[in-house]
Amino acid sequence: MSKQAERSRSQESLRLLAGQIARLPDAQPPPGLVDAIMGRIQPKKRPWWQIWMRRIQTPWAAVPLQAVPVALAIILIVGGVAFFKGNRGGPTAPPSDHAGLAPVTLVLEWPTARKVAVIGSFNHWNPEGYQMHRDTPEGPWRLILELSQGRYAYAFLIDDHWHVPDPHSLLQQDDGFGNFNSALIVEKGKTNANEI
Amino acid sequence: MDTTEENRLINAILDGDVQSFAVLVHRYQRPVYNMMLRMTGIPEDANDLTQEAFLKVYENLERFRPSGRFFPWLYTIGLNLARDHLRRQKSTAAAAREHHNGCVAGVGQGDGPRQLFQCLDAGRLPRLLAALPEEYREALILRFHEGLGMRDVGLALGVSTSGAKMRVQRGLQRLREMLNLNKSTGSTETD
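Protein chains in written order, with the working numbering: chain A, 78 to 273; chain B, 4 to 194.
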């Protein structure tokens with residue numbers, strides 16, 4: 078066997094093992110655990126200096142009530158100027174939350190499917206606008222998403238009916254309703270759900 | 004639960020809202036309890052230690068840095084409590100005492116990766132994991148079972164991101180070696 082084939086087999090066995098760990102069943106914590114913990118704690122009280130520090134660091138908390146209409150007027154004027162400038166057809170900067178988004182390509186091989194969509198915590202499990210496409214009639218389904226840093230649960234919705242976790246994802250989680258979802262982690266502009 | 008939501012809850016707790024802490028306990032009781040169970044092997048001890056871990060977190064919540072993630076911080080505190088408990092008990096983890104024997108002779112014929120895993124049913128994997136040193140076992144659980152990124156795995160275990168990657172990689176390799184070893188020697192269950 079060539080070295081490359083050997084390495085590939087080795088990686089595959091590690092991935093299979095990781096997948097088994099992902100699907101390990103958990104023991105259920107005792108039913109009264111939360112109550113037992115909550116019964117042993119008292120409400121916290123911040124020290125006086127922390128309360129004052131917070132007030133200083135939170136400007137609107139210290140603003141007198143009379144200043145509110147003035148602040149609103151300033152916001153309206155600044156917002157209006159920005160609105161008219163933005164409508165002159167010139168180049169516009171991308172929205173500030175665009176920064177840090179990472180492209181994530183999801184692929185599913187399901188030749189017999191008539192249509193496939195991606196549902197997940199990033200679209201509130203709504204398939205609208207998240208239909209997958211394929212280049213050839215038998216080819217794999219694909220969709221590129223742009224996601225910010227975080228952890229997401231997702232699954233494929235096949236022919237509007239079948240809820241299928243991503244077979245390529247190592248991370249799977251029970252949704253509590255009898256379905257399994259896959260998990261995806263976007264970390265500093267990259268995805269690493271399948272990194273071993 | 005994302006970091007912003009966690010920070011909002013933590014601020015509310017610090018302002019005196021105990022119910023916000025119940026949300027965090029409810030969210031993280033399962034992984035903490037399961038970690039305690041892996042460490043001690045005794046459900047009653049796991050229950051007590053889980054309570055202690057959350058109480059310690061509550062007592063020290065002022066020291067939590069909002070730039071970090073709550074779960075790795077909680078996990079670190081829980082792990083340290085479990086280690087102290089085991090030292091006090093002067094015993095190794097009950098889980099680690101279990102013998103691990105992966106494949107029974109004659110099962111999983113062939114040496115391809117898929118054949119190797121035919122013999123790894125859900126009951127054997129926990130035993131194999133229990134036999135791994137804690138540093139590898141917890142890295143694998145955090146990475147693949149809890150779905151943490153490598154940075155958070157490192158934070159929870161008190162090592163760098165590259166250290167976490169190394170533990171995950173070596174842990175997987177060790178597990179595979181244990182499977183291979185048991186398969187080649189044809190050992191049987193002894194526990």
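From the three backbone atoms N, C-alpha and C, an ideal C-beta is built for every residue, glycine too.
Say whether chain A places a C-beta atom closer than 8 Å to the C-beta of residue i.
| i | result |
| --- | --- |
| HIS148/B | yes |
| ASN83/B | no |
| HIS29/B | yes |
| ILE144/B | yes |
| LEU160/B | no |
| TYR36/B | yes |
| ALA167/B | no |
| ARG154/B | yes |
| ARG179/B | yes |
| PHE74/B | no |
| LEU89/B | no |
| LEU77/B | no |
| PHE67/B | no |
| GLN32/B | yes |
| ILE45/B | no |
| GLY19/B | yes |
| ALA134/B | no |
| LEU12/B | no |
| VAL107/B | Because the pLDDT at VAL107/B is just 34, under 50, the model does not fix this residue reliably, and the point stays unresolved. |
| ILE80/B | no |
| SER70/B | no |
Among the options, which one has its Cα closest to the Cα of residue i?
| i | options | result |
| --- | --- | --- |
| ALA190/A | MET209/A, THR182/A, LEU178/A and ASN258/A | MET209/A |
| GLY96/A | SER165/B, ARG173/B, ARG130/B and ILE144/B | ILE144/B |
| THR164/B | ARG146/B, HIS88/B and LEU89/B | ARG146/B |
| PRO248/A | ASP236/A, TRP239/A, ILE128/A and ARG228/A | The amino acid occupying residue 248/A in the given sequence is Leu; Pro does not appear at that position. Looking at the Cα atoms, ARG228/A is the closest of the given residues. |
| GLN250/A | GLU9/B, GLY150/B and TYR31/B | GLY150/B |
| LEU58/B | ARG41/B, PRO46/B and LEU77/B | LEU77/B |
| GLU205/A | LEU234/A, GLU223/A, GLU186/A and VAL181/A | LEU234/A |
| GLU137/B | LEU40/B, ASN10/B, LEU27/B and GLU9/B | LEU40/B |
| GLN172/B | PRO129/B, ILE45/B, ASP51/B and TYR139/B | TYR139/B |
| PHE67/B | VAL26/B, LEU17/B and GLU47/B | LEU17/B |
| HIS88/B | ARG170/B, ALA15/B, ASP51/B and ILE13/B | ASP51/B |
| ALA15/B | LYS80/A, PRO214/A, VAL111/A and LYS122/A | LYS122/A |
| ALA225/A | ARG86/A, TRP129/A, ALA82/A and PHE199/A | Correcting the residue identity first, residue 225/A is Ser in this sequence and not Ala. Per the Cα distances, PHE199/A. |
| ALA85/B | PHE73/B, GLU47/B and ASN183/B | GLU47/B |
| TYR61/B | LEU12/B, LEU182/B and MET181/B | LEU12/B |
| ILE45/B | GLN92/B, GLU180/B and LEU182/B | GLN92/B |
Of all the CB atoms in chain B, is at least one closer than 8 Å to the CB of residue i?
| i | result |
| --- | --- |
| LYS121/A | yes |
| GLN81/A | no |
| LEU94/A | yes |
| VAL111/A | yes |
| GLN208/A | no |
| ILE118/A | yes |
| ALA260/A | yes |
| ILE114/A | yes |
| LEU222/A | no |
| LEU178/A | no |
| SER90/A | yes |
| LEU248/A | yes |
Under the assumption that residue i contacts residue j (Cβ atoms under 8 Å), give the Cβ distance between them as a whole number of angstroms.
| i | j | result |
| --- | --- | --- |
| TYR207/A | ILE221/A | Contact flag wrong, Cβ pair sits at about 11 Å. |
| GLY81/B | ALA49/B | With a Cβ gap of about 10 Å, GLY81/B and ALA49/B do not count as contacting. |
| VAL21/B | PRO108/A | That belief does not hold up - the Cβ atoms of VAL21/B and PRO108/A are roughly 20 Å apart, past 8 Å. |
| GLY152/B | GLU89/A | Actually they are not in contact, since the Cβ atoms of GLY152/B and GLU89/A sit about 23 Å apart, beyond 8 Å. |
| GLY71/B | LEU135/B | About 27 Å; that fails the 8 Å criterion. |
| ALA167/B | ALA142/B | 6 Å |
| LEU131/B | LEU178/B | 6 Å |
| PRO75/B | ASP5/B | The Cβ separation is near 14 Å, so there is no contact. |
With C-beta atoms as the reference, is residue i less than 8 Å away from residue j?
| i | j | result |
| --- | --- | --- |
| ASP243/A | LEU183/A | yes |
| PHE24/B | ILE118/A | yes |
| LEU185/A | LEU175/B | no |
| PRO106/A | ARG127/B | no |
| ASN203/A | ALA232/A | no |
| TRP218/A | TRP187/A | yes |
| ILE114/A | VAL28/B | yes |
| LEU101/A | PRO129/B | yes |
| ALA194/A | ALA230/A | no |
| ALA99/A | ASN37/B | no |
| GLY19/B | THR79/B | no |
| THR43/B | LEU110/A | no |
Whose Cβ in chain E lies nearer than 9 Å to the Cβ of residue i?
| i | result |
| --- | --- |
| GLU264/A | The chain labelled as chain E is not found among the protein chains of the depicted structure, namely A and B. |
| task | Taking a Cβ distance cut-off of 7 Å, strictly less, list which residues of the segment 48-64 of chain B are near chain A, in chain order. | result | ASN50, THR53, GLN54, PHE57, LEU58 and TYR61
| Which residues, taken in chain order from the segment 226-242 of chain A, show a beta carbon closer than 7 Å to some beta carbon of chain B? | GLY227 and ARG228
| query | Relative to chain B, which residues along the segment 98-109 of chain A have a C-beta separation below 7 Å, given in chain order? | reply | If the cut-off is 7 Å between Cβ atoms, the segment 98-109 of chain A has ILE98, ALA99, LEU101, PRO102, ASP103, ALA104, PRO106 and PRO107 near chain B.
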